[in-house]
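Worksheet for the structure shown next.
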Amino acid sequence: MSQGSVNDNPFMTKPPDSSPWPELARSLRARMGARCLHPRVEAFLRSGETTRVLVACSGGPDSVCMLALLWATAESLGFQCVVAHYNHRWRGEASDQDAEFVRVMASGLGCEFATDVRPEKEAAFTETTARALRLDFLRKAAEQHDCGSIAFGHQQCDILETQLQRLARGSGSDGLAAPRPVNHFEGLPTHVRPLLNIRAGDVRMALAASGLPWREDSSNEDVSIARNALRRKIIPLLGDALGRDVSAAAARSRRLLEEDAAALDHLARVCFSDAFVGSGELDREALKAAPVGLTRRALTAWLAAHDLLKSLSATAVDLLIDSVYHGPAEDRHSAGTSFVVFLDSLIFIETTVTEPAQTLELSTLEAGQTLILPSDSVLETEFIEIDPELRADIFDGTIDEDLEAFIAFDEPCTLQVRGWLAGDRFRPLGAPGSRKLKDWFIDRQIPQLERKQLPVVLSETGEILWVPGFAPAESFKIRPNTKLALRLTYQRGLSL
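Numbering-wise, the working numbering puts 1022 at position 366 of the sequence shown, and it's gapless, one number per residue.
Rendered as structure tokens:
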């Protein structure tokens, strides 16, 4: 049997049914030693808090290594493995072969197997939505198979990549402390990452030495994808420039940030326990007297408890924090279909009137102009050059579809902006075809009141170009040779 990657060997068409998977897994466990699992993950599994673990396996080296190690230690730690694979269909037949490879490995180890395929109807074919679809599948599979935790194959080198991406988005200590070895979620399976203390290179060497095959994902070579560019170009240059082991240092920083985040969260819960249980109002004076870090945690927890946090951008949350300390004695900020009301000593939520919202009237907008909508939301347009960095962000799917879109226009044009109308059809980027906009709204669980307030941006010919919350139109997508584009930016009304 060939060892190592199966990207170019007969396993591509004929899965390795005859591989002695249990023997190979035990060999890997013996080679990697007693501390092959992250100590916190091992302690969690040994505690008996979960007796069945859903192992997310793509077929790549990291997840194959994780599955083999978990299977080899399951009996001694007192749990069972259930294997799960989500087929994104990124690479056509190769993706189907990945799924078959994982199925065969799961069968060879005697594990239950759960799988699903990305639906044809999904609109935004981006890494962001792909991750969301996969996580949704994994959580449903965990529930169906009675698994109290989900294991992910992140290893040490993934930490710095995640930190750099989140730094670019302006994340705080919570975001920069990711990915965590053990991450608890209320009412959902715990996430564990057993390989977080092992380097990617060590994973591959151990697999090869043990004779365990794995699948290679050719898309990992595409440096137009931001994470790949970080892994293959930026991080090696950073290490060379500093003369340091940047991945190990990032792992330590991640641990310290997690400690700090946990301490702040504990203090915030002690000082503002009412915020974390979603009380009807908050003491503005108490928030104002506290350090900003505690106030931010309390206010965001309170908004989340009232199901409003997802309606606010990071900028909007910053404005709310600023209002606590520096805003007028009386103030109101919109949050989805509600308002956050500030009085001199109190903060509370006011629900908007229940009358049906009026659909936005038709307006015209020249490219390069700004339109203020009746809700005080703002739609801005500007022509922008597509440089390599921006192109990589667009292709990688890191653009926030709630806030902006890039349209392949290279000359002056007149846009139409109106509300959603019955019968509107839209084909967002990556969708296999057009569907009624109403169906897209239902799929994304956008409340009816919000649907009527969202601007629908159309071309001069009446084709829908963009609706905030979705990718832009497939027919106007940015291509590798696109040099100039129209940038659309949407900002919700914050203060009314």
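Glycine is no exception: its CB is placed at the ideal position from the N, C-alpha and C atoms.
Check your understanding: Measuring CA to CA, which of K1094, V1112 and V1113 is closest to Q1104?
Key -> K1094
Check your understanding: Is it a yes or a no for the region 1096 to 1112 touching the region 1072 to 1084, going by three-plus beta-carbon pairs under 8 Å?
Key -> yes
Exercise for review: Within 10 angstroms of the Cβ of D792, are there 16 or more other Cβ atoms? Answer buried if so, exposed if not.
Suggested key: exposed
Review point. Which stretch, first to last residue, makes up the beta strand (DSSP E) that contains D1000?
Key: D1000 -> no beta strand (DSSP E), and no H or E assigned at all.
Practice item. Along the alpha helix (DSSP H) that carries Q819, what are the first and last residues, could you check? Key: Q812 to R825
Check your understanding: Would you report the Cα separation of V739 and V838, rounded to the nearest angstrom?
Key -> 19 Å
Check your understanding: Among the residues of its own chain, which have a CB less than 7 Å from the CB of N853, if the five just before and after it don't count?
Key -> H694 and Q812
Point to revise | Minimum C-alpha distance to S967 - residue among A991, V973 and A945 | key: A991
Practice item. Label R919 either buried or exposed according to how many other C-beta atoms from any shown protein chain fall within 10 Å of its C-beta, with 16 as the threshold for buried. Key: First, the residue type needs correcting, since residue 919 is Ala and not Arg in the sequence shown. By the neighbour-count rule (16 or more Cβ atoms within 10 Å), A919 is not buried but exposed.
Practice item. Identify whether C713 lies in helix, strand or coil by the three-state DSSP scheme. Key: coil
Exercise for review: Return the residue from the list S805, L823, G867 and G828 that minimises the CA-CA distance to E842.
Suggested key: S805
Review point. Between S1033, D1052 and C1069, which lies nearest to P1044 when the distance is taken from Cα to Cα?
Key: D1052
Practice item. Quick one: grab the DSSP three-state call for N1137. Key: coil
Practice item. Pull up the distance between the alpha-carbon of H989 and that of Q1147, whole angstroms please. Key: 13 Å
Check your understanding: A924 and L965 look like a contact to me (Cβ under 8 Å); what is the Cβ gap, rounded to whole Å?
Key -> Not confirmed; about 15 Å, so no contact.
Practice item. Any chance you could list the alpha helix (DSSP H) runs of at least 4 consecutive residues sitting entirely within the region 896 to 976, in chain order? Key: 902 to 927, 929 to 932, 940 to 945 and 948 to 961
Check your understanding: Thinking just about the alpha-carbon of each residue, which of Y981, S935, L912 and G934 is nearest to the one in P947?
Key -> Y981
Practice item. Excluding the 5 residues preceding and the 5 following P1124 in the sequence, name in chain order all residues of the same chain whose CB lies nearer than 6 Å to its CB. Key: D1058, L1110 and Y1146
Practice item. Compute the Euclidean distance between the alpha carbons of L723 and F808, then round it to the nearest angstrom. Key: 9 Å
Check your understanding: Quick one, which of V758, E1130, S751 and L943 has its alpha-carbon nearest G1089's?
Key -> E1130
Exercise for review: Helix, strand or coil for I1120, going by three-state DSSP, please let me know.
Suggested key: strand
Practice item. Determine the direct distance from the alpha carbon of D978 to that of P775, and round the result to whole angstroms. Key: 42 Å
Point to revise | Residue from F995, E941 and D974 whose Cα sits closest to the Cα of A985 | key: E941
Practice item. Give me the Cα-Cα distance between A865 and C927, rounded to the nearest whole angstrom. Key: 53 Å
Review point. Which residues does DSSP pair with Q736 in a beta bridge?
Key: R708
Check your understanding: Are A954 and A970 close, meaning C-beta to C-beta below 8 Å?
Key -> no
Review point. Is the number of C-beta pairs between the region 712 to 727 and the region 846 to 862 that are closer than 8 Å three or more?
Key: yes
Check your understanding: So does the region 901 to 915 actually touch the region 811 to 827, counting three or more Cβ pairs closer than 8 Å?
Key -> yes
Point to revise | Other residues of its chain near T956: CB distance less than 8 Å, five sequence neighbours each side excluded | key: L965 and V973
Review point. What is the DSSP secondary structure of W870, counted as helix, strand or coil?
Key: strand
Practice item. Assign P1128 to one of two classes, buried (16 or more other C-beta atoms within 10 Å of its C-beta) or exposed (fewer than that). Key: buried
Exercise for review: Can you tell me which of the three DSSP states T1020 falls into?
Suggested key: strand
**Study point:** Extent of the continuous alpha helix (DSSP H) to which S751 belongs
**Key:** E749 to G764
Practice item. Ignore the nearest five residues each way along the sequence and tell me which others in W677's own chain have a CB closer than 7 Å to its CB. Key: M761, G764 and L765
Practice item. Could you pull out every residue in the same chain whose Cβ sits closer than 8 Å to the Cβ of D1049, ignoring the five residues on either side in sequence? Key: A882 and I1055
Review point. So what's S675 in DSSP terms, helix, strand or just coil?
Key: coil
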